[in-house]
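These notes concern the structure reproduced below.
Protein chains in written order, with the numbering used here: chain A, 96 to 210; chain B, 16 to 132.
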């Protein structure tokens, strides 16, 4: 099915381990984004990418690394996970159709627990 | 700096009645976009409605409408004829459309809506 998918949907890891969250979209949207959602907060932008091989920091980038070698994939890596990175992570891509040219569509989210 | 404020942490509405969820924003950019997203208990983020700062008319999408008052910097979501399935968290978000904004969304803290049967 067309859309945006994330894997894994749930992940438990330990402090200090490296974790990679995957994001894949089938729309060929040029822009992709990673957000985190913490209890009591809205979403906060971690990193975004305007196109393959172009990435930039968002509001809360510390402790995260991204790459984008292909348009359809935008993985997020926690190089050394910390408990403060326990969160729900959402990937999104930007729709550029004329009517709703600014709309971002979200994946189903990944729930990450760092012990 | 951009800011989105949702002052209602939680709201109740009776089924079949209309409800308004408040959202105010702050930006110095004359060109921006406003969004509402719904997050049901299952966790996904569902796009509901979009309003551009230069749009002359308020946006509508089915039972959703956006009451856009530019001078007051408010973008309230109106849900008509509430249904039980409307029970969810609702987020207001803003995107500045300036050269440096790079299409980032800034989210409010959300309003939890509960529809009573």
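Each residue gets a CB set at the ideal place from its N, CA and C atoms; glycine is no exception.
With 16 other Cβ atoms within 10 Å as the buried cut-off, status of residue i
i, result
"residue 141 of chain A", "buried"
"residue 165 of chain A", "exposed"
"residue 47 of chain B", "buried"
"residue 43 of chain B", "exposed"
"residue 108 of chain B", "buried"
"residue 110 of chain B", "buried"
"residue 101 of chain B", "buried"
"residue 131 of chain A", "buried"
"residue 53 of chain B", "buried"
"residue 205 of chain A", "buried"
"residue 146 of chain A", "exposed"
"residue 134 of chain A", "exposed"
Under 8 angstroms by beta carbon: chain B residues contacting residue i
i, result
"residue 198 of chain A", "50, 62 and 65"
"residue 203 of chain A", "58 and 59"
Pairwise C-alpha distance: residue j and residue i
i, j, result
"residue 39 of chain B", "residue 132 of chain B", "29 angstroms"
"residue 91 of chain B", "residue 112 of chain A", "43 angstroms"
"residue 207 of chain A", "residue 119 of chain B", "23 angstroms"
"residue 60 of chain B", "residue 200 of chain A", "8 angstroms"
"residue 28 of chain B", "residue 98 of chain B", "9 angstroms"
"residue 203 of chain A", "residue 163 of chain A", "20 angstroms"
"residue 157 of chain A", "residue 85 of chain B", "35 angstroms"
"residue 94 of chain B", "residue 83 of chain B", "14 angstroms"
"residue 34 of chain B", "residue 124 of chain A", "34 angstroms"
"residue 209 of chain A", "residue 197 of chain A", "33 angstroms"
"residue 115 of chain A", "residue 96 of chain B", "43 angstroms"
"residue 159 of chain A", "residue 76 of chain B", "37 angstroms"
"residue 32 of chain B", "residue 138 of chain A", "29 angstroms"
"residue 121 of chain A", "residue 98 of chain A", "5 angstroms"
C-beta neighbour in chain A for residue i, strict 9 angstroms
i, result
"residue 124 of chain B", "yes"
"residue 81 of chain B", "no"
"residue 58 of chain B", "yes"
"residue 134 of chain B", "This structure cannot settle anything about residue 134 of chain B, because the visible part of chain B is limited to 16 through 132."
CB contact below 9 angstroms: residue i versus chain B
i, result
"residue 185 of chain A", "yes"
"residue 128 of chain A", "yes"
"residue 206 of chain A", "yes"
Where residue i meets chain A, residues with beta-carbon distance less than 9 angstroms
i, result
"residue 110 of chain B", "197 and 199"
Contacts that residue i makes with chain A (C-beta to C-beta distance below 7 angstroms)
i, result
"residue 119 of chain B", "140, 143 and 153"
Where the beta strand (DSSP E) through residue i begins and ends
i, result
"residue 98 of chain A", "Note, residue 98 of chain A: premise wrong, no beta strand (DSSP E); not H, not E."
"residue 82 of chain B", "79-84"
"residue 130 of chain B", "126-131"
"residue 182 of chain A", "182-189"
"residue 132 of chain A", "127-132"
"residue 41 of chain B", "39-41"
Per-residue contacts from residue i into chain A (C-beta, under 8 angstroms)
i, result
"residue 106 of chain B", "137 and 138"
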